[in-house]
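A.B. asks: Take the sequence shown: its letters are residues 126 to 629, numbered as in the working numbering.
All residues carry an ideal CB built from backbone N, CA and C; glycine is no exception.
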Amino acid sequence: MQETKTGVLVVGAGIAGLAAAFAADRAGADVTLATKAERPEEASTWWAQGGIAVTRDDPEQFAADIRDASAGTADPDAVEVLVENATDAVRDVLIDAVGIEFDTNGDGYDFGREAAHDEPRILHVDAQTGKHIHVPFLNYVADETDITIREDTAALELVRHEGKVYGAILERDGDWAPTFAGATILATGGVGALYPRSTNPDDATGDGIAMAALAGADVADMEFVQFHPTACHTDEGTFLVSEAVRGEGGVLRNGDGERFMPEYHPDAELGPRDVVARAVRSERDASGEVRLDVSGFDFAEQFPGLAAKCEGHGVDWESGIPVAPAQHFLCGGVAVDDRGRSSLDRLYAVGECSRTGVHGANRLASTSLLEGLVWGLRAGEDAVGHPVERIEPPELLERDPDLPANFAREKFRRLRRVMDQQVGIERTSEGLRRAQGVLRRLKGEVDAYVRTRTSRSLYELRSASVVALLIARAAAENDESVGCHYLADADAAAADEQVPAESP
Ligand code: SIN
Numbered sequence: 126m127q128e129t130k131t132g133v134l135v136v137g138a139g140i141a142g143l144a145a146a147f148a149a150d151r152a153g154a155d156v157t158l159a160t161k162a163e164r165p166e167e168a169s170t171w172w173a174q175g176g177i178a179v180t181r182d183d184p185e186q187f188a189a190d191i192r193d194a195s196a197g198t199a200d201p202d203a204v205e206v207l208v209e210n211a212t213d214a215v216r217d218v219l220i221d222a223v224g225i226e227f228d229t230n231g232d233g234y235d236f237g238r239e240a241a242h243d244e245p246r247i248l249h250v251d252a253q254t255g256k257h258i259h260v261p262f263l264n265y266v267a268d269e270t271d272i273t274i275r276e277d278t279a280a281l282e283l284v285r286h287e288g289k290v291y292g293a294i295l296e297r298d299g300d301w302a303p304t305f306a307g308a309t310i311l312a313t314g315g316v317g318a319l320y321p322r323s324t325n326p327d328d329a330t331g332d333g334i335a336m337a338a339l340a341g342a343d344v345a346d347m348e349f350v351q352f353h354p355t356a357c358h359t360d361e362g363t364f365l366v367s368e369a370v371r372g373e374g375g376v377l378r379n380g381d382g383e384r385f386m387p388e389y390h391p392d393a394e395l396g397p398r399d400v401v402a403r404a405v406r407s408e409r410d411a412s413g414e415v416r417l418d419v420s421g422f423d424f425a426e427q428f429p430g431l432a433a434k435c436e437g438h439g440v441d442w443e444s445g446i447p448v449a450p451a452q453h454f455l456c457g458g459v460a461v462d463d464r465g466r467s468s469l470d471r472l473y474a475v476g477e478c479s480r481t482g483v484h485g486a487n488r489l490a491s492t493s494l495l496e497g498l499v500w501g502l503r504a505g506e507d508a509v510g511h512p513v514e515r516i517e518p519p520e521l522l523e524r525d526p527d528l529p530a531n532f533a534r535e536k537f538r539r540l541r542r543v544m545d546q547q548v549g550i551e552r553t554s555e556g557l558r559r560a561q562g563v564l565r566r567l568k569g570e571v572d573a574y575v576r577t578r579t580s581r582s583l584y585e586l587r588s589a590s591v592v593a594l595l596i597a598r599a600a601a602e603n604d605e606s607v608g609c610h611y612l613a614d615a616d617a618a619a620a621d622e623q624v625p626a627e628s629p
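#1: Under DSSP, the beta strand (DSSP E) around F364 begins and ends at which residues?
#2: Count the other CB atoms within 10 Å of the CB of A280; is the residue buried (16 or more) or exposed (fewer)?
#3: Run through DSSP, which three-state label would I516 get?
#4: Smallest Cα separation from A534: which of P518, A312, P321 and I334?
#5: Classify N325 as helix, strand or coil using the three-state DSSP reduction.
#6: Tell me where the alpha helix (DSSP H) around R674 begins and ends.
#7: Beta carbon of Q127: closer than 8 Å to some heavy atom of the ligand SIN?
#8: For I596, I'd like the list of residues in its chain whose CB is within less than 7 Å of its CB, leaving aside the five on either flank, ordered along the chain.
#9: Among E570, Q561, V509 and E520, which has the Cα closest to the Cα of A154?
#10: Under 8 Å: does the beta carbon of H353 sit that close to some heavy atom of the ligand SIN?
#11: Are the CB atoms of P184 and E163 nearer to each other than 9 Å?
#12: Helix, strand or coil for S479, going by three-state DSSP, please let me know.
#13: How many angstroms separate the CA atom of S590 from the CA atom of L564?
#14: Measure the beta-carbon distance from A490 to A240 and round it to whole angstroms, keeping in mind my assumption that it falls under 8 Å.
#15: Give the straight-line distance between the Cα atoms of A145 and I516, rounded to the nearest whole angstrom.
#16: What residue range does the alpha helix (DSSP H) around Y389 cover?
#17: Whole angstroms are fine: how far does the CA of L365 sit from the CA of T324?
#18: Can you name the start and end residues of the beta strand (DSSP E) that C357 belongs to?
#19: Can you list, in chain order, the residues of its chain whose CB lies under 6 Å from that of A141, leaving out five sequence neighbours each side?
#20: Is the beta carbon of E388 sitting closer than 9 Å to the one on A152?
#21: Quick one: give me the first and last residue of the alpha helix (DSSP H) that H257 is part of.
#22: For the ligand SIN, is there any heavy atom lying closer than 8 Å to the beta carbon of L455?
#23: With DSSP collapsed to three states, give me the class of S628.
#24: Consult DSSP for I596 and reduce its assignment to one of helix, strand or coil.
#25: Restricting to Cα atoms, I'd like to know which of E443, T492 and V499 is closest to A650.
#26: So does T492 have its beta carbon nearer than 8 Å to some heavy atom of the ligand SIN?
#27: To the nearest angstrom, how far is it from the Cα of V260 to the Cα of W171?
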């Protein structure tokens, strides 16, 4: 592979990476977009169902919904950036430039409603919005811009020196070389591969977060791993059952057929996602199963794609869709400002691998595509104009063909088990302490291999082990249950404190 140079290097081709590349290209930069994906469905964007929220008549209410869903922890300035730019970004880029046709009804756009939104404000295409955005956006970038797209190409390491990033080492087919860039934008998505059940594609190994953290960039809010309340797990795999189904009137029932959500939250099925996810888990534990009852409306008519998916997975949705929580989104990531700038010079992060402050401890539904789009555009524009400088790149070791075939598989299995059991939807201080011990040992074993070999799967494993440890450590350092970070023992201790002392 040849050493190359580019004005702006974007790593990752979900909505955030595409938006960043689009904006940098529009601002006149020479842009390279590197993605380890070979097919669109390897990006989380493709899998998004519900849609993309926009600002309608009441921006302040939209901002308030985001802050409330985050239990008051979202950064109000970041929320304002999102809300103020939402409608223009969606209209100018997705509708006018890319030509996406969101669903309409007789009155115009058919705005959908999801949990914790005060009003219907979600643009969607059926409940398969992700792929209807991702594929045309990819095609637009490929056909209508000068962006160089390098598929099946992973970033292994950042090229850096003294707090400044000069590009990245890119790998394809076991061969690698540096690409030097005036600015590098990470858009590598989430961390679904760290958990046994996730709504993300398998490739979501947290590469961007790990590369940035190893280069010394600040990360934040790593303990806030969001679990979606309604995923359907079958022998065929896990698939998401969009919150939009509850927005249309889907009702959660336990194994005894009882509707339970009104006991957990005044907004019942449309309560904040973390509350609904824990309730589903607890009712499953107590009664054996939870089903999403869709008999109150015409499910097949309103959600044809989901109805077909249920049928394809052998799920008889007419008797209620069996659901359970699954890992869905990481609210934290590489700490960035309102233009996606990280703490390292010339390094940006956008989309799920970043932490903008918009989500705080818990993300409001249908704001992830929006955040990726808005911050992608802002970062892409900001990243233009830096000189491309060459420095001595880090030396990676020759590929060793003797890497044991089962090595990555076995380590991933161990990592997922500990993340599921100790760093999942419900945590305890003791469990987090034990998890850190296991993860530290595992990372040590992986690092020993990385010191002697180079391969994409090994680097993905390294990313996963670095990010798992960051999550476990952040969770252990936060002794307050808030949003997606729920400490069962802290809750029990707080309940004990509230028991009135017996009178003497
Ligand atoms: C969903 O459709 O339920 C997912 C939407 C989101 O995660 O924002």
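C.D. replies: Taking the coordinates as given:
#1: The residue labelled residue 364 in the question sits at position 239 within the sequence shown. Taken as a continuous stretch (DSSP letters only), the beta strand (DSSP E) holding F364 covers G362 to L365.
#2: As a first step, residue 280 must be located in the sequence shown, where it is residue number 155. Buried, because 16 or more other Cβ atoms sit within 10 Å of the Cβ of A280.
#3: In the sequence shown, residue 516 corresponds to position 391, counting from 1. Per DSSP, reduced to three states, the secondary structure at I516 is coil, with no helix or strand assignment.
#4: Here residue 534 refers to the residue found at position 409 when the sequence shown is read from its first residue. It should be pointed out that residue 534 corresponds to Arg in this sequence rather than to Ala. The residue with the shortest Cα to Cα distance from R534 is P321.
#5: In the sequence shown, residue 325 corresponds to position 200, counting from 1. Reduced to three states, the DSSP call for N325 is coil.
#6: Here the chain has residues from 126 to 629 only, and residue 674 is not among them.
#7: Within the sequence shown, the letter at position 2 stands for residue 127. No.
#8: Here the question's residue 596 lines up with position 471 in the sequence shown. Excluding residues within five positions, the ones whose Cβ falls inside 7 Å are M347, E348, V350 and V548.
#9: Taking the sequence shown and counting its residues from 1, one reaches residue 154 at position 29. Closest option to A154, Cα to Cα, is V509.
#10: The residue given as residue 353 occupies position 228 in the sequence shown. Checking every heavy atom of the ligand SIN against the Cβ of H353, one is found closer than 8 Å.
#11: Along the sequence shown, read from residue 1 onward, the residue named residue 184 stands at position 59. Along the sequence shown, read from residue 1 onward, the residue named residue 163 stands at position 38. No, the Cβ-Cβ distance between P184 and E163 is not below 9 Å.
#12: Against the sequence shown, residue 479 aligns to sequence position 354. In the structure shown, S479 sits in a strand (DSSP, three-state: E or B).
#13: Residue 590 sits at position 465 when you count from the first residue of the sequence shown. Residue 564 sits at position 439 when you count from the first residue of the sequence shown. The straight-line gap from Cα to Cα measures roughly 7 Å.
#14: By one-based count along the sequence shown, residue 490 stands at place 365. By one-based count along the sequence shown, residue 240 stands at place 115. That belief holds up - the Cβ atoms of A490 and A240 are roughly 6 Å apart, short of 8 Å.
#15: If you number the sequence shown from 1, residue 145 lands on position 20. If you number the sequence shown from 1, residue 516 lands on position 391. Their Cα atoms are separated by approximately 25 Å.
#16: Within the sequence shown, the letter at position 264 stands for residue 389. Element bounds for Y389: M386 to Y389.
#17: Reading the sequence shown from its first residue, position 199 is the one you call residue 324. Reading the sequence shown from its first residue, position 240 is the one you call residue 365. Their backbone Cα atoms lie some 6 Å apart in a straight line.
#18: Translated into the one-based positions of the sequence shown, residue 357 becomes position 232. First-last of the beta strand (DSSP E) with C357: V350 to T359.
#19: To locate residue 141, count along the sequence shown from 1; it is residue 16. Closer than 6 Å at Cβ, skipping near neighbours: A312, V475, G476, G497 and G501.
#20: Mapped onto the sequence shown, residue 388 falls at position 263. Mapped onto the sequence shown, residue 152 falls at position 27. No, the pair does not count as a contact, with Cβ atoms beyond the cut-off.
#21: Here the question's residue 257 lines up with position 132 in the sequence shown. Residues T254 to E269.
#22: Translated into the one-based positions of the sequence shown, residue 455 becomes position 330. Not under cutoff, so the answer is no.
#23: Looking up residue 628 in the sequence shown gives position 503. Confidence at S628 is low in this model, with a pLDDT of 35, below 50, so the placement of that residue should be treated as unreliable; the coordinate-derived value is given next. Residue state for S628 is assigned as coil, using DSSP reduced to three classes.
#24: Here residue 596 is taken as the residue at index 471 of the sequence shown, counted from 1. The answer is helix: DSSP assigns I596 an H, G or I state.
#25: Nothing about residue 650 can be read from this structure; the chain reaches only from 126 to 629.
#26: On the sequence shown, position 367 is the one that residue 492 refers to. Checking the Cβ of T492 against the ligand SIN gives yes.
#27: Position 135 of the sequence shown holds residue 260. Position 46 of the sequence shown holds residue 171. Cα to Cα, V260 sits roughly 8 Å from W171.
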